[in-house]
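Chains as they are written, first to last, in this note's numbering: chain L, 113 to 351; chain U, 113 to 351.
Remarks on the structure that follows.
2 protein chains.
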Amino acid sequence: MRIRILGVGMGPQHVTPEVADALRGCDYVLAVEKTSDDRLLAARRTIAERFGVEVVAVPDPDRDRADPADYPRAVAAWHEARVAAYEQVLRAREGTVAFLVWGDPSLYDSTIRLVEQLAQRLPIEYDVLPGVSAPQLLAARHRIVLHAVGEPVHVTTARRLRGAIAAGQKNVCVMLTGSLDLAGLEDWSIWWGANLGTDSERLVAGRVGDVLPVLLAGRDEAKAAAGWVMDVYLLRAPS
Amino acid sequence: MRIRILGVGMGPQHVTPEVADALRGCDYVLAVEKTSDDRLLAARRTIAERFGVEVVAVPDPDRDRADPADYPRAVAAWHEARVAAYEQVLRAREGTVAFLVWGDPSLYDSTIRLVEQLAQRLPIEYDVLPGVSAPQLLAARHRIVLHAVGEPVHVTTARRLRGAIAAGQKNVCVMLTGSLDLAGLEDWSIWWGANLGTDSERLVAGRVGDVLPVLLAGRDEAKAAAGWVMDVYLLRAPS
Numbered sequence: 113m114r115i116r117i118l119g120v121g122m123g124p125q126h127v128t129p130e131v132a133d134a135l136r137g138c139d140y141v142l143a144v145e146k147t148s149d150d151r152l153l154a155a156r157r158t159i160a161e162r163f164g165v166e167v168v169a170v171p172d173p174d175r176d177r178a179d180p181a182d183y184p185r186a187v188a189a190w191h192e193a194r195v196a197a198y199e200q201v202l203r204a205r206e207g208t209v210a211f212l213v214w215g216d217p218s219l220y221d222s223t224i225r226l227v228e229q230l231a232q233r234l235p236i237e238y239d240v241l242p243g244v245s246a247p248q249l250l251a252a253r254h255r256i257v258l259h260a261v262g263e264p265v266h267v268t269t270a271r272r273l274r275g276a277i278a279a280g281q282k283n284v285c286v287m288l289t290g291s292l293d294l295a296g297l298e299d300w301s302i303w304w305g306a307n308l309g310t311d312s313e314r315l316v317a318g319r320v321g322d323v324l325p326v327l328l329a330g331r332d333e334a335k336a337a338a339g340w341v342m343d344v345y346l347l348r349a350p351s
Numbered sequence: 113m114r115i116r117i118l119g120v121g122m123g124p125q126h127v128t129p130e131v132a133d134a135l136r137g138c139d140y141v142l143a144v145e146k147t148s149d150d151r152l153l154a155a156r157r158t159i160a161e162r163f164g165v166e167v168v169a170v171p172d173p174d175r176d177r178a179d180p181a182d183y184p185r186a187v188a189a190w191h192e193a194r195v196a197a198y199e200q201v202l203r204a205r206e207g208t209v210a211f212l213v214w215g216d217p218s219l220y221d222s223t224i225r226l227v228e229q230l231a232q233r234l235p236i237e238y239d240v241l242p243g244v245s246a247p248q249l250l251a252a253r254h255r256i257v258l259h260a261v262g263e264p265v266h267v268t269t270a271r272r273l274r275g276a277i278a279a280g281q282k283n284v285c286v287m288l289t290g291s292l293d294l295a296g297l298e299d300w301s302i303w304w305g306a307n308l309g310t311d312s313e314r315l316v317a318g319r320v321g322d323v324l325p326v327l328l329a330g331r332d333e334a335k336a337a338a339g340w341v342m343d344v345y346l347l348r349a350p351s
């Protein structure tokens, strides 16, 4: 049994030739389906249909978001439920299976870890092909490099942003944003994007203290237009 | 006058549909040519020819590598010479121009900064399209996520690696490697790749103290096979 983990960037415009070839050789795409209106599944269907590949959707297990203090355990339980759902399909259907990962599988995505768990239960060979990630599209839209010349970029989650700043990070790319708390960072520069690569994309850049109202309005607009909002941003300390 | 900065990943297999469309609409590709055997130019020619676009190559200005203490100034002088060379071509030739960036323009690449300088001298409109970056291909080849669940990844240069570790970073992606000095990091884990995406690709993963000899041999092999070596790696502290 073969699984291919395919990064598809932020839509069909980012599907690389090697991912397209891999997808053409797959028998079906395995994906989760959220109980409410699932636009990400719809986006995966669009890509799969373009290459004539069927999508098999399994219901997304509930994720316990009540206990943020034990984030790793909540994620682990949710992964376990997803793995069980996938395993059921894989045992029932032959063939080469694709997982389509929005963005790139190497950043804040669980697919590789899920497939590692599946590979402990079933005789699976798997590989990974990269896709364009959200920080790269953010940088392209703002026409920036993610760091100053020769300096680092620290990529982290909103949950860990304050810790990174306290530890002296001056150039931070933030993913998995959830809410947007930038209090005390008014003099920092921000390059922000929501729903990148889609029709509801919004971009804002400037000094945090100056642009925050516009940014929050843009976030609301993106959510109203798409029914969901996913954003990413780069924060840089004043020089 | 229009310039398009196009990320092409690690070769034709990564050229996204939107980059392909952009390239088809360009009149020529502008690129530098190194005095010795220039394989990166050859790779750019391969991509440009696939889309029927001419490559205009200008000699790469000498870069002063003698004074690493003043790295930003050395880079600035080299940029200035490149900008002057590009400006000469742009003044002589009409049309929409593409720069093909190996990997992605947002990480340790000078093209955006060069074009910003050109835009101060000439009436230029420009945009940027993302490509697959080396850290993403590294992660895909090793089938890993670049960070532990919910944790950060610190992306930096070999020059700044020691400083990052001293500051407490436990998960560091290193680019612009030059030489490879991992003394004292024997118990860390490494996922390493050289000449990723090419015929001379080499991969090594494991505990630094165990795999370093194999890794250094792989580096020499990659250099012997290709005539050049570019590597990237992820280092993770023992848990």
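Even for Gly, the Cβ is constructed at its ideal location relative to N, Cα and C.
A quick note: this is a predicted structure, and the numbers were derived from the prediction, not measured.
Item                                                                                                                                                                                             : Value
Anything in chain L within Cβ reach of I224(U), meaning under 8 Å, just list it in chain order.                                                                                                  : R255, I256 and V257
For T128(U), return the contacting residues in chain L, with the cut-off set at a CB-CB distance below 8 Å.                                                                                      : G121, Q125, H126, V127, T128 and V244
Cβ of Q248(U) less than 8 Å from any chain L Cβ?                                                                                                                                                 : yes
Compare the beta carbon distance of L234(U) and E192(U) with 8 Å and say whether it is the shorter of the two.                                                                                   : no
Can you pull out the residues from the region 290 to 320 of chain U whose beta carbon lies closer than 8 Å to at least one beta carbon of chain L?                                               : none
Does the Cβ of D343(L) have 16 or more other Cβ atoms within 10 Å, making it buried, or fewer, making it exposed?                                                                                : buried
D343(U) versus chain L: which residues are under 7 Å apart at the beta carbon?                                                                                                                   : Within 7 Å Cβ-Cβ: nothing; D343(U) doesn't reach chain L, min ~17 Å.
Would you give the residue range spanned by the alpha helix (DSSP H) that I236(U) belongs to?                                                                                                    : It is not in any alpha helix (DSSP H) - I236(U) carries neither H nor E in the DSSP assignment.
Suppose only complete runs of 3+ residues qualify. What are the beta strand (DSSP E) ranges in the region 239 to 305 of chain U, listed by chain order?                                          : 265 to 269 and 283 to 287
My understanding is that L152(L) touches A134(L), with C-beta atoms under 8 Å, so please give their C-beta distance in whole angstroms.                                                          : Not really, about 20 Å apart at Cβ, beyond 8 Å.
If we ignore side chains and look at the alpha-carbon of each, how far apart do M113(U) and A204(U) end up?                                                                                      : 12 Å
By a C-beta neighbour count over all protein chains shown, 10 Å radius and 16 as the cutoff for buried, is S351(L) buried or exposed?                                                            : exposed
What ranges does the alpha helix (DSSP H) occupy inside the region 148 to 173 of chain L, keeping only unbroken runs of at least 4 residues that lie completely in it?                           : 151 to 162
Expressed to the nearest angstrom, what Euclidean distance is found between the alpha-carbon atoms of D311(U) and L328(U)?                                                                       : 18 Å
Just grab the DSSP bridge partners of T208(L) for me.                                                                                                                                            : R114(L)
Assess, as a yes-or-no matter, whether the region 272 to 287 of chain U is touched by the region 244 to 256 of chain L under the definition of 3 or more beta carbon pairs within less than 8 Å. : no
Residues bridged to V344(U) by DSSP?                                                                                                                                                             : G305(U)
Name the DSSP bridge partner or partners of G123(L)?                                                                                                                                             : Paired residue(s): none; G123(L) is not in a bridge.
For L142(U), report the span of its alpha helix (DSSP H) as first-last.                                                                                                                          : Per DSSP, L142(U) belongs to no alpha helix (DSSP H); it is in the beta strand (DSSP E), Y140 to E145.
Assuming A329(U) is part of the alpha helix (DSSP H), what are its boundary residues?                                                                                                            : V320 to A338
Is any beta-carbon of chain U found at less than 8 Å from that of T208(L)?                                                                                                                       : no
If the criterion is Cβ atoms closer than 8 Å, does the pair A154(U) and G123(U) meet it?                                                                                                         : no
Determine the chain U residues that contact V280(L) at a beta-carbon separation under 8 Å, and present them in chain order.                                                                      : Checking the sequence, you will find Gly at residue 280(L) rather than Val. A279, listed in chain order.
With 8 Å set as the bound, which would you pick, yes or no: does the beta-carbon of D182(L) sit closer than that to a beta-carbon of chain U?                                                    : no
So which of E206(L), K282(L), Q232(L) and F163(L) has the shortest CA-CA distance to V267(L)?                                                                                                    : K282(L)
Is S218(U) buried or exposed, if buried means 16 or more other CB atoms sit within 10 Å of its CB?                                                                                               : buried
Identify the contact partners of L241(U) in chain L, using a Cβ-Cβ distance below 7 Å as the criterion.                                                                                          : A252
Reducing DSSP to helix, strand and coil, say where L202(L) ends up.                                                                                                                              : helix
In chain L, which residues lie less than 7 Å from D216(U) when you measure between Cβ atoms?                                                                                                     : Q248
Is L135(L) helix, strand or coil when you go by DSSP?                                                                                                                                            : helix
Taking CB distances under 8 Å as the criterion, tell me whether P271(U) reaches chain L.                                                                                                         : What sits at residue 271(U) in the sequence shown is Arg, not Pro. Chain L, which has a Cβ nearer than 8 Å to the Cβ of R271(U), makes this yes.
Can you check whether the C-beta of V359(L) is within less than 8 Å of a C-beta belonging to chain U?                                                                                            : Coverage of chain L is limited to positions 113 through 351, which leaves residue 359(L) absent and any answer about it impossible.
Taking 8 Å as the threshold, find out whether the region 205 to 216 of chain U comes into contact with the region 133 to 147 of chain U through three or more Cβ pairs.                          : yes
Report the neighbours of G137(U) on chain L: residues whose CB is nearer than 8 Å to its CB, in chain order.                                                                                     : Going along chain L, no residue has its Cβ under 8 Å from G137(U), so there is no contact; the nearest lies around 14 Å.
Judging by CA-CA distance, which residue of T289(L), Y345(L), L294(L) and V120(L) is the nearest neighbour of G215(L)?                                                                           : V120(L)
Using the Cβ count rule (16 or more neighbours within 10 Å means buried), how would you classify Q248(U)?                                                                                        : buried
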